[in-house]
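Top line first, the protein sequences correspond to chains A and B.
Positions 0 to 608 (numbering that gives the first Met the number 0) are the ones given, in order, by the first sequence.
Positions 0 to 401 (numbering that gives the first Met the number 0) are the ones given, in order, by the second sequence.
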Amino acid sequence: MTVRLVLLSLLATALCGLDAPDGVIAVVDPEPATSRGEGLLSTACGGAAVVIGDGLALTLDEVVPAGVDRVSIVLQGGLRRTARVERRGTTTGAILLRLDAAGAPRALELADSAKLALGDPVWSVGNSFGVIEQDGVAALSKGIVSGFDEIPSDAPPVRGRLGRVLTTYRGPVIETDAAANDGNQGGPLLDDAGRVLGLISLGLARERRLGTVVPIHLVVRDLGLDLPLAAPAGASDANAARLARAAAAAAPAVVLLYLERPNGLGNPVGIPRPPLLTDETPLYERERLARHWDRYYHQQQVLYTDQPVSGIVVGRDLVLTSASNLHGIDVDAVAAPAAADGIMDLPWSEPKDVAPATRTTGAAAGRGRVLIHGAPAVEAQLVGFDLALDLALFRTTTDMAVTPAVLAGDAAIAVGDGVALVGRHRVGGEHTLTTGVISAATRRRDQNDLTMGQIDALANYGNLGGAVVDAEGAVVGMVAMLGPREDWPWLINSGVALFTPSAAIRDALPALERGKRLDEKPGFGLGVRLQHDRLGGRLVVIELVLGMGAADGGVLAGDVLLSVDGKDARTHQAVTRALIPHQAGDRVVVRVRRGDQEIDLDVELKAFE
Amino acid sequence: MRRALAMLCLACGAGAADAVDEDARAHARKLLATYVFVANGSGVVISRDGLVLTNHHVIDGEIAADRSIEVRFPALDPDTPRKDQVRRAILLGSDPIGDIALLDIDGEVDDYAELAPADGLRAGMPVIAVGNPFGLGEADNVPSLSAGVLSTVRIVREDYTDALQLDAPVNPGNSGGPAFDELGRVIGINGQIRTLSGMRINSGVGLAICSTQLSAFLPVLRAADGGFVHHTAAPKGLTLAQRDDGVEVVEAGESTLHPGDRLLSVADRAVASRASAVGLFESAPFQPGVTLPVRVRRGDAELDVIVTCARKTIPGKPYHGIAVAVADDGRVFVEHVDDDSPAQRAGVREGDLLLTVGERTIAKKLDWLKAVAKLEIGDRMAMTLMRGETEVAAEMALGVRR
Chain A
0 MTVRLVLLSL LATALCGLDA PDGVIAVVDP EPATSRGEGL LSTACGGAAV VIGDGLALTL
60 DEVVPAGVDR VSIVLQGGLR RTARVERRGT TTGAILLRLD AAGAPRALEL ADSAKLALGD
120 PVWSVGNSFG VIEQDGVAAL SKGIVSGFDE IPSDAPPVRG RLGRVLTTYR GPVIETDAAA
180 NDGNQGGPLL DDAGRVLGLI SLGLARERRL GTVVPIHLVV RDLGLDLPLA APAGASDANA
240 ARLARAAAAA APAVVLLYLE RPNGLGNPVG IPRPPLLTDE TPLYERERLA RHWDRYYHQQ
300 QVLYTDQPVS GIVVGRDLVL TSASNLHGID VDAVAAPAAA DGIMDLPWSE PKDVAPATRT
360 TGAAAGRGRV LIHGAPAVEA QLVGFDLALD LALFRTTTDM AVTPAVLAGD AAIAVGDGVA
420 LVGRHRVGGE HTLTTGVISA ATRRRDQNDL TMGQIDALAN YGNLGGAVVD AEGAVVGMVA
480 MLGPREDWPW LINSGVALFT PSAAIRDALP ALERGKRLDE KPGFGLGVRL QHDRLGGRLV
540 VIELVLGMGA ADGGVLAGDV LLSVDGKDAR THQAVTRALI PHQAGDRVVV RVRRGDQEID
600 LDVELKAFE
Chain B
0 MRRALAMLCL ACGAGAADAV DEDARAHARK LLATYVFVAN GSGVVISRDG LVLTNHHVID
60 GEIAADRSIE VRFPALDPDT PRKDQVRRAI LLGSDPIGDI ALLDIDGEVD DYAELAPADG
120 LRAGMPVIAV GNPFGLGEAD NVPSLSAGVL STVRIVREDY TDALQLDAPV NPGNSGGPAF
180 DELGRVIGIN GQIRTLSGMR INSGVGLAIC STQLSAFLPV LRAADGGFVH HTAAPKGLTL
240 AQRDDGVEVV EAGESTLHPG DRLLSVADRA VASRASAVGL FESAPFQPGV TLPVRVRRGD
300 AELDVIVTCA RKTIPGKPYH GIAVAVADDG RVFVEHVDDD SPAQRAGVRE GDLLLTVGER
360 TIAKKLDWLK AVAKLEIGDR MAMTLMRGET EVAAEMALGV RR
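Printed below as a string of structure tokens:
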């Protein structure tokens, strides 16, 4: 058995691997910047280019801005050369470079990006964080074609960290979940056979927020190149092909849900955008700034209310989404929805048509509109929600004529299973897709017994409420924003996304249909704030919550925590673990050291406010 | 409504047998079994007798006074009741430069993973990372598994002088955890994420300390007696410059290289830039007189030069925990010893009179200051003390002042 597994996987490697192509090179500032992040590129390192013919290479204008006609290049292996701009494209921002010296690396072939399919395996290859410049090797990252999008002509200019406009390209792009970071810009996206599908743009994809790629067939046309375009390799990886098929099968039941938010659009809570972190930022400012950015991004994710969210059709007139998407909605008003006097001004088509000023306030809580792919939109009303499971159920006013999603069986998932995350990012477009594996099948956040699933597929804005699909096309769960912990919110594209498993969804649906409203997250504890004493490896009580069990039971600030319920309590983890078997209302013995004494205290576990 | 639910359930279980890759599940389970939770990060068991590799930065500040730290085995089976699988481990040695720490769990361990040899590494090959991202496993003892590919073979990234880059999602809490190859061998210990935004989250660029460096440092870590190990460094005075055709020796310093030499490889790894050359000189465990092979181009010839390395300084202020004072008779005595300090663990007591430190006789306070001024973090300080009528010897490894 083991031997067979080994042989199979070795075979798979031989078929699916990609030899790092030496035709991917780094493009760097001809005049070295005085410090990182300054100078020509406005990125922390040089960009990339791909050699496509005898001494010719392709890159993008975000690597070689207008007005620059000579650049330095670094070949894999570390040799430095120069190149000059031979031709600039007019529509794609593509640039043709001519390498000065002979002995250019082997050229890569091109593939016809117009024939690319959603879910096809792809590779990003580039100079990520300067790896070609420093180590003489290009870095590979594997992903899939996650979506096809079109950057609208009126999209705002995208600037680098130091303010320079990075890209002016407007038009079709390929989206991928392969890593795209500083140093990938201008470099290639390759198919499984190592052919160039497009040039990676950072302009619209900072730090792996779905890399965006300018298709190579448009680049070739723009530059007037006479180069053959081979058929893309497609999914030579059987698993990738199967997941792509499964996602396509499940996709019709994944819809966009546009919710009316009484508080209006955008960021209603004011955490302003923090200043940029640059090399000139003083050291003492950096930590504070980093925390500010953390809070800002968290707000962006939680309160990003002017975008539609994902939903899963679970009945002829039922749409399920994440209860976290109800943020800003007055759920107390849901039980008695106002008559149709509220002015519904939700979009019937493209979400971007909606201006903030058209929003209503107040009574029309819990109403939304379901935007169905290839069909008219229908109105929907919130009927029930469960914050513990992070589920919210909407009923549409008419039959959606969409075949409901197939929910997988109870024991459907195990760690290591391949999964696809299906979403939609705009009306009328195809679905979007990221793939990965089940990271954990029995995730529990805290003392409550809710068991979640976890995947490593990238989950972006709008994926909240979307479907996690197994290789057979069954929905194994719904992406939930049950943040890992209070202080670590759900983070986009972190490779850590939790989902409510289908078994829990199935259990919860009848009650949700009857109008269940569980708006309290269960939570209980001692009511102490503890600080780790680093030298001694102990926890010290630094604060007591009034009205909670610890304060009432006689715990004092300054006490050193020794055990809880007879279990060692020297770390935060140990305290959490000691409380898992308990529920609110239980009493536990807390042993503390106070001065020279060890004292046992009887403490009630109370629910948090 | 009943009908609707029945319809939803139609496919329950159907086709499940076909969809499930039991081999992949068994493989994942095997990998998870070698994982341990360490402090707020991760570790991996690499031998039956319980050796655990993790990052220095994971255990830094978390080691108790008795040199021990708690490690936790994961809960693998949700159907059996979870029991606390907490074990104590002793810190054998730590590498603050290369970010490796070696722990030893008391007793034998059933599941462990081997370190992968260098020759199996290939960019693009599948890798699996196991860790505790965002501390998610704190409450449930369940580690997280993520999959991706190896982005590069062995590279130099600042102090990670023998690193692998991978695109499997890694996040805070993955630190110290393993990256596996397809055969379940440890190819590296995940330790860093490269990001620009200030958000410490996965960017698709994770850096792991390569198994080759782990293997090279294992013997010295085992013998470190709970203290620090050191890295080599480029010979003193060696000055390098980046040229279009390679890295040039500008000044040879205390090395046998010649000015004008072009460095081709150091420690049998290719030199791609000045930064990589400097890093490669720092990639080996230090011991006095240690040499590294350097291949250079000199004129038209390529030749191998054996270069004696310097020792890389561990940054920070060395810490012994002793405060001295001068007695009325002018002799120097220990006025105070910090709790949990190297001096306290070495048995130094308040009131001891200082006789010698290293080779130096301590007659006045300046002698003491001179003696300690030459010592760096990780150095051993040997003292002789007079306690009452008895002469006492004490030896300690200097730590880091916090």
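Ideal placement from N, C-alpha and C gives every residue a C-beta, glycine not left out.
The structure displayed is predicted, hence computed values, not measured ones.
For B:Val152, same chain residues with a beta-carbon under 8 angstroms away, outside a window of 5 residues either side, are Leu120, Arg121, Ala122 and Leu163 in chain order.
With contacts defined as CB atoms closer than 9 angstroms, A:Thr167 and A:Gly92 qualify as a contacting pair. Distance between B:Val204 and A:Ala65, taken at the CA atoms: about 30 angstroms.
Runs of the beta strand (DSSP E) spanning 3 or more residues and lying entirely within the segment 169-196 of chain A occur at 171-175 and 187-190, in chain order. Against chain B, a Cβ distance below 7 angstroms from A:Leu17 picks out Gly123.
Using a C-beta cut-off of 8 angstroms, the segment 317-336 of chain B makes no contact with the segment 279-299 of chain B, since fewer than three inter-stretch Cβ pairs fall below that distance. Within the same chain, Thr383 come within 6 angstroms of B:Thr355 by CB-CB distance, once the 5 residues on both sides are set aside. A:Asn180 reaches chain B at Arg193, Thr194, Leu195, Ser202, Gly203 and Val204, counting residues in chain order whose Cβ is nearer than 9 angstroms.
In summary, the residues of the segment 124-147 of chain A whose CB is separated from some CB of chain B by less than 7 angstroms are Ser127, Phe128, Val130, Glu132, Gln133, Asp134, Gly135, Val136, Ala138, Leu139, Ser140 and Lys141, in the order they occur in the chain.
Beta-bridge annotation (DSSP): A:Gly524 is paired with A:Lys605.
In the three-state reduction of the DSSP assignment, A:Val574 falls in the helix class, which pools H, G and I. Look at B:His26 here: in three-state DSSP terms it is helix.
Counted as a single uninterrupted DSSP element, the beta strand (DSSP E) harbouring B:Asp161 occupies residues Tyr159 to Leu165.
Considering only beta carbons, the part of the segment 168-189 of chain B lying closer than 8 angstroms to chain A consists of Pro168, Val169, Asn170, Glu181 and Leu182, in chain order.
Proximity of chain B to A:Ala413 at the Cβ level (cut-off 7 angstroms) is accounted for by Arg24, in chain order. Just measuring C-alpha positions, the residue of A:Ala230, A:Ala103 and A:Arg86 sitting nearest A:Ile72 is A:Ala103. Membership of B:Arg86 in the beta strand (DSSP E) is indicated by the continuous run Val85 to Asp94. Secondary structure note for B:Lys364: its alpha helix (DSSP H) is the uninterrupted segment Lys364 to Ala372.
Linking A:Gly422 to A:Ala229 through their CA atoms gives a straight-line distance of about 30 angstroms. The Cβ of B:Asp244 sits closer than 9 angstroms to at least one Cβ of chain A.
Taking 8 angstroms as the upper bound for CB-CB distance, A:Leu201 and A:Ala179 are in contact here, some 7 angstroms apart. For B:Gln212, the enclosing alpha helix (DSSP H) covers residues Ser210 to Arg221. The Cβ neighbour count for A:Pro187, taken over all protein chains shown within 10 Å, is at least 16; the residue is labelled buried.
Here the C-alpha atom of A:Glu85 lies approximately 36 angstroms from the C-alpha atom of B:Glu157.
Interface annotation for the segment 255-288 of chain B against chain A: Ala269, Val270, Ala271, Ser272, Ala274 and Ser275, criterion Cβ-Cβ distance under 8 angstroms.
In this structure, the straight-line span from the alpha carbon of B:Phe72 to that of A:Ser152 is close to 54 angstroms.
Take the alpha-carbon of A:Gly476 and the one of A:Leu258: they are about 22 angstroms apart. Annotation for A:Leu543: Gly526, Val527, Arg528, Ala549, Ala550, Val554, Leu555 and Ala556 place their beta carbon closer than 8 angstroms to its own, counting only its chain and skipping 5 residues before and after.
If you draw a straight line from the Cα of B:Ala372 to the Cα of A:Thr175, it is about 55 angstroms long. For A:Gly125, the enclosing beta strand (DSSP E) starts and ends at Pro120 to Gly125.
The residue from B:His257, B:Ala326, B:Ala322 and B:Thr312 with its alpha-carbon nearest to that of B:Arg294 is B:His257. With fewer than 16 other beta carbons inside 10 angstroms of its own, B:Asp224 counts as exposed.
Distance from the CA atom of A:Leu95 to the CA atom of A:Arg87, rounded to whole angstroms, is 6 angstroms. Residues of chain A whose Cβ lies closer than 8 angstroms to the Cβ of B:Gly97 do not exist; the shortest such Cβ separation is about 17 angstroms.
When the Cα atoms are used, B:Gly278 and B:Glu250 turn out to be separated by approximately 18 angstroms. When A:Glu279, A:Pro20 and A:Ala439 are compared, the shortest CA-CA separation from A:Val414 is found for A:Ala439.
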